[in-house]
Every structure is written in structure tokens, then in C-alpha cells.
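Structure first, then comments.
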Ligand SMILES: [Zn+2]
């Protein structure tokens, strides 16, 4: 499913499953897409560069891809099995974690009672 704000792109015949994203604000786009399509959520499992699967990585195996400061500050890494991109819980992680937590909370079935 291609999600886009480009109506011209969505009209192309090669696009067999596409949907227009109404808002230009990322927060609203996320809520819109989650409410319309309710995709299964699996946070922190996919590479944001290529969508490959992430796997835990040892610092020793990814050290050549890290700046010295990163190596000193973090011990837990994930690496994309397809493109090799390395991830760690850096400065933006708390903000991202809050976004993910809200998405998971919004998508959880409402409890009875
Ligand atoms: Zn990747």
C-alpha cells in the first residue's frame, strides 16, 4: 500500500493499492493512517532506510560504523540484516518511544466496562 500526499502519483496505473494522506503534519498523518488501516504494529523491528529486518548487534561487530562518541555512550545496538544500517537509543529515542507508546495505546482494543 502506497501512502502519499501526491495525488498525481496515486493516479498512476502502476499503483494498484494507494491511499491519500490528508494532513501535512506527521502527528496527524500517523493517527490518520493508524485509524484508517489499523496495521499490525511491530515497533523497532524494521530498518527506516530499507524496511529490512533489524537484529541485535554486538558493539564489536558494528564499531567500524560508529563515531567514537557513540561507541563510548551506548552498548546496545541493532543492525539491519539487509543494508547494514546500525541503530541505537540515541538522543531522539525518548521522543520516539513516546510516539510509539501512544500509537500502541490508541490501537489497543478498548477494555470492557
Ligand atoms: Zn536497511
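In this note's numbering, the protein residues as written are 169 to 281. C-beta: ideal position from N, C-alpha, C; glycine also. In this text the structure is predicted, and so the values were computed from the model without any measurement.
Residue nearest to residue i in terms of C-alpha spacing, selected from the options
{"i": "residue 242", "options": "253, 226, 251", "result": "226"}
{"i": "residue 172", "options": "181, 179, 180, 187", "result": "187"}
{"i": "residue 220", "options": "276, 266, 248", "result": "248"}
Residue i, enclosing beta strand (DSSP E) - first and last residue
{"i": "residue 224", "result": "222–225"}
Beta-carbon proximity of residue i to residue j, cut-off 8 Å
{"i": "residue 246", "j": "residue 222", "result": "yes"}
{"i": "residue 183", "j": "residue 202", "result": "no"}
{"i": "residue 215", "j": "residue 174", "result": "no"}
{"i": "residue 217", "j": "residue 253", "result": "yes"}
Residues that residue i bridges to, as DSSP identifies them
{"i": "residue 254", "result": "247"}
{"i": "residue 214", "result": "221"}
{"i": "residue 188", "result": "172"}
For residue i, the first and last residue of its enclosing alpha helix (DSSP H)
{"i": "residue 172", "result": "Where residue 172 is concerned, there is no enclosing alpha helix (DSSP H), although the beta strand (DSSP E) it sits in stretches over 170–172."}
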